[in-house]
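Trainee: Take a look at this one; I'll ask things after.
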Amino acid sequence: MAPDWKREPCLGCANLVKRSRGGWVEIVGTRSGSWLIAYPVQAGLALQAGRKDVPNETIFLLGTSHLDCAHEAARRIRSGDFTFVSDLCEMYVEHSRHQDIPPLHLPSQPDNCVFCDRLDWSQLTKEHVWPEWLQRQFISRGARFAQNGKGREVSPNAGPMASVCLNCNTRWMSVLENDVKPLILEMWKNPIELTKSDQEILATWAFKMSILFDSLSETPLIPRGLAYDLRVSRKPSQGVWVTASLFVAPTQLATARLRPLTLAARDKTKPNEPNGLCVTFTAYRVIFQVVILFEDGIFDFEVRQDFQELLTPLWPITEAVQSWPIGGFDDSAAQDLAEWLLHGQ
């Protein structure tokens, strides 16, 4: 297995792992499985199996697995289920007392990659917040794009561009755009049934969009750890809720409203600083709302009853199939949706 692999069999389930699609880990360790590391499983975290100390023997890149198959892959390696080829890629462990680990609870820096914090000017690109395929759809429907500045409200134009590294931009983000494009175009035109896979793709895309919108605001709020986790798992994190509805008679093809949230977890006092963000944005005939909580805990919040009857839940996935659409918002109701109050705020 080469370090720059693109497709490899999963060591857990034997199905194909695609580097640019879905969450995956690389597994490094001894041939016997006496010491194994699977990484990355979450922002700043790896999965270790076997002895805790680094063995005094050669370590190899053994293969890869789907993120959800990491434990099974480690079990199979330790059980001796594999006979590895002789020319495995050798790996080395660097011992260091000082590790430069960025604080995952803080937003990414403006000139770093939003999703992996890469700071390599030769690898950084500028990603359109509104993807080019969507901009072309807007233009074909009469949109005109003008430059504007940063702010808590973002309008569609060729100007808003976020710092994203070449690796993220041309790999998993490109695949995500290709996956979501036919879904959104179909949602604009016809009633459809959204499968679990469809719901996950739409929710992942909406979460990605929310992170990019936030990165362009004057005061970004989303912790870099949540953006890292999206790159690793290719799906929304725990503590993220995504809903969508039909947007009827829109006067603007695309808008985004970001609202900081200050919520008290159950049995805790209300924090002084925002610990969440509500992002409401439109993409022509679809309006998305993404609620992102930055900390663990049990939060009591509820959507207005009249809104709840119009919104299709996308994440967390609650139904195998969701009918689209179940309702719709006009411009006025969309403004109200962006301002809905959470219990305890």
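Per the working numbering, the very first residue in the sequence shown carries number -1; after that it's consecutive. Just so it is clear, CB atoms sit at the ideal spot from N, CA and C, and this is done for glycine as well. All values derive from a computational prediction rather than experimental measurement.
Please report the straight-line C-alpha distance between M(-1) and F58, rounded to a whole angstrom.
Mentor: C-alpha separation (whole angstroms): 10 Å.
Trainee: Q343 to N273, Cα distance in whole Å?
Mentor: For Q343, the predicted structure reports a pLDDT of 44, less than 50, and the residue's modelled location is therefore unreliable. The matter cannot be settled from this model.
Trainee: Three or more C-beta pairs closer than 8 Å, one from the segment 160 to 174 and one from the segment 123 to 140: is that the case here?
Mentor: Because the criterion of three Cβ pairs below 8 Å is met, the segment 160 to 174 and the segment 123 to 140 touch.
Trainee: Measuring CB to CB, does F419 end up less than 8 Å from V240?
Mentor: Residue 419 is absent from the structure shown; the chain starts at -1 and stops at 343.
Trainee: Give the single residue among P234, I35, I137 and T249 whose Cα lies nearest to the Cα of G223.
Mentor: Per the Cα distances, P234.
Trainee: Hey, V173 and S18: beta-carbon distance below 8 Å or not?
Mentor: Against a cut-off of 8 Å, the Cβ pair of S18 and V173 comes out as a contact.
Trainee: Using the Cα positions of W33 and A242, report the straight-line distance between them to the nearest angstrom.
Mentor: So the two alpha carbons sit approximately 45 Å from each other.
Trainee: Around the C-beta of R5, are 16 or more other C-beta atoms found within 10 angstroms, so that it is buried, or is it exposed?
Mentor: Exposed, by the Cβ-count rule.
Trainee: For L9 and L86, I'd like the C-alpha separation in whole angstroms.
Mentor: C-alpha separation (whole angstroms): 15 Å.
Trainee: Taking DSSP as the reference, what is the three-state secondary structure of C67?
Mentor: Three-state result, C67: helix.
Trainee: Across which residues does DSSP place A47 in a beta bridge pair?
Mentor: Answer by DSSP bridge pairing, in chain order: L34.
Trainee: Within 8 Å, do at least three Cβ pairs link the segment 187 to 204 to the segment 258 to 273?
Mentor: No contact exists between the segment 258 to 273 and the segment 187 to 204.
Trainee: Spatial neighbours of K148 within its chain, please: C-beta separation below 7 Å, excluding the five flanking residues on both sides.
Mentor: Caution applies to K148, whose pLDDT of 40 falls short of 50 and renders its modelled position unreliable; the model cannot decide the point.
Trainee: Going by DSSP, name the residue or residues bridged to P311.
Mentor: T241, per the DSSP bridge assignment.
Trainee: On the CB-based measure, 16 or more other CB atoms within 10 Å of its CB, does A332 come out buried or exposed?
Mentor: So A332 ends up on the buried side.
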